[in-house]
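K.L.:
My structure is below; once you've seen it, I'll send some questions.
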Amino acid sequence: MTNVEFERVTVIGAGTMGAGIAQVCAQAGAAVTLNDVSQDFVDRGLGTIRKFLDKGVEKGKVTEADREATLSRVEPVLDVAAAVQSADLVIEAVPESLELKNDVFSRVAGHCSSSAVLATNTSSLSLQKVFGGIAEPGRCIGMHFFNPVPIMKLLEIVRLQSTDSGVVERVQSFAGQLTKEAILVHDSPGFATSRLGVCLGLEAIRMVEAGVASPVDIDKAMELGYRHPMGPLKLTDLVGLDVRLAIAEYLDEELDSPAFGVPQLMRDMVAQGKLGQKSGQGFYDWSD
């Protein structure tokens with residue numbers, strides 16, 4: 002096996018993010034265990050990985066041998082205790098619910114090795130709250146990946162005050178093996194990426210609401226004027242207005258800043274089911 006920082010990685014949650022995280026860890030040479038609450042969810046996650054690798058082969062970016070080697074390193078396991086018992090690193094990638102994440106880590110901590118590093122993929126929740134009750138807080142850390150994980154280069158590493166420096170260094174080393182560029186952020190609401198990204202997105206929505214310009218022109222302003230690869234409104238559509246709304250409400254409560262006040266237009270669109278790409282309609286028409 003390739004000499005990787007974490008030889009055995011367990012990913013809890015086989016959705017879009019979890020599947021992507023499992024893929025890049027397996028491509029780096031780690032033995033990956035993929036866990037979720039049902040066989041159907043795990044099968045879908047494995048299908049997502051295969052589909053992404055197949056596209057890589059078609060484009061000449063992945064060899065057939067690498068595809069098969071990567072798939073061979075991912076093992077589906079439904080029982081949480083069995084999934085984490087030999088893990089060097091456990092990465093949680095379940096939906097953005099504090100209660101759900103608390104439940105995951107309370108179960109994981111009782112079955113994995115005391116030396117295993119525990120990481121959450123949360124994009125905005127307080128790590129102090131996510132890991133509340135964990136007996137060894139020094140091994141806890143945030144590993145915030147970006148969608149699609151195999152393509153996006155950034156990994157936002159989030160440390161608590163209690164996180165051991167050695168754990169931070171190991172995760173930074175592993176990030177390099179995953180071909181990610183890592184940034185290090187201290188635990189705070191929204192970290193760096195969500196705090197900045199949501200703030201920009203909310204202001205763009207307020208501009209639409211006030212009739213300053215069309216969504217297309219607002220996005221072009223940032224794409225062409227500031228070299229953003231995607232405008233804030235199209236990005237909001239891709240992430241999901243409901244997801245962005247939940248993060249904005251959390252940041253508004255935690256930071257008590259007018260920058261995170263939720264525009265009425267956003268609330269109205271969510272209430273109308275205009276959630277962006279996944280619903281077919283947001284600031285853009287995604288129905289085709």
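Going by our numbering, the sequence shown opens with residue 2, and the numbers climb by one from there. Note that beta-carbon positions come from the ideal geometry of N, C-alpha and C, so glycine has one too. All of these numbers come straight from a predicted model, not from anything done at the bench.
1) Just checking Leu266 against the ligand PLP - is the residue's beta carbon closer than 7 Å to any of the ligand's heavy atoms?
2) Within 10 Å of its beta-carbon, does Ser288 have 16 or more other beta-carbons around it, so buried, or fewer, so exposed?
3) Considering only residues of the same chain and omitting the five flanking positions on each side of Glu224, which have a CB-CB separation below 8 Å?
4) Is the segment 150-157 in contact with the segment 16-34, if contact means three or more CB pairs nearer than 8 Å?
5) So what does DSSP say about Ile248, is it helix, strand or coil?
6) Would you tell me roughly how many angstroms separate the C-alpha atoms of Val85 and Leu236, rounded to the nearest one?
7) Where are the alpha helix (DSSP H) runs, 4 residues long or more, that stay fully inside the segment 47-126, in chain order?
8) If you run the structure through DSSP and keep just helix, strand and coil, what is Asp41?
9) With three or more beta-carbon pairs closer than 8 Å as the criterion, would you say the segment 185-194 touches the segment 210-227?
10) Given that a residue counts as buried once 16 or more other Cβ atoms are within 10 Å of its Cβ, and exposed if not, what is Leu197?
11) Going by beta carbon distance, what residues of the same chain come within less than 6 Å of Gln173, once the five residues before and after it are set aside?
12) Below 8 Å on the Cβ atoms is my guess for Leu79 versus Val43; work out the distance and round it to an integer in Å.
13) Rounded to the nearest angstrom, what separates Leu1 and Ser115 at their Cα positions?
14) Do you know offhand how far Ala83's Cα is from Phe106's?
15) Could you give the DSSP three-state label for Glu157: helix, strand or coil?
16) Cβ of Leu203 within 8 Å of Cβ of Pro259?
17) Can Leu99 and Leu126 be called in contact, C-beta distance under 8 Å?
18) Can you tell me whether Thr164 is helix, strand or coil according to DSSP?
19) Going by DSSP, what residue range makes up the alpha helix (DSSP H) through Val131?
20) If you drop the 5 nearest sequence neighbours on each side, which residues of the same chain put their C-beta closer than 7 Å to that of Gly241?
21) Apart from the five residues on each side of it in sequence, which residues of its chain come closer than 7 Å, Cβ to Cβ, to Gly14?
22) To the nearest angstrom, how far is it from the Cα of Asp55 to the Cα of Val75?
23) Which residue from Ile248, Asp243, Asp253 puts its Cα closest to that of Arg268?
24) Just to confirm the assignment: which complete beta strand (DSSP E) runs, minimum length 3, are found wholly within the segment 179-244?
25) Let me make sure I understand the geometry here. Which of Arg171, Ser189, Lys62 has the alpha-carbon closest to that of Leu256?
26) I need the straight-line Cα distance from Asp41 to Asp165, nearest angstrom please.
27) Assign Ala15 to one of three DSSP states: helix, strand, or coil.
28) For Val217, is the classification buried or exposed, using 16 other Cβ atoms within 10 angstroms of its Cβ as the cut-off for buried?
29) With burial defined as no fewer than 16 other Cβ atoms inside 10 Å of the residue's Cβ, what is the status of Glu6: buried or exposed?
P.N.:
So, from the data block:
1) Inclusion of the ligand PLP in the displayed structure is not the case, the ligand content being empty and no account of it being possible.
2) exposed
3) Pro230, Met231, Gly232
4) yes
5) helix
6) 34 Å
7) 65-73, 81-85, 99-110
8) helix
9) no
10) exposed
11) Ala183
12) 7 Å
13) The shown model of the chain, from 2 to 289, leaves out residue 1, and the question about it has no answer.
14) 14 Å
15) strand
16) no
17) yes
18) coil
19) 128-131
20) Leu276, Gly277, Lys279
21) Asp37, Glu93, Ala94, Val95
22) 16 Å
23) Asp243
24) 182-187
25) Ser189
26) 37 Å
27) coil
28) exposed
29) buried
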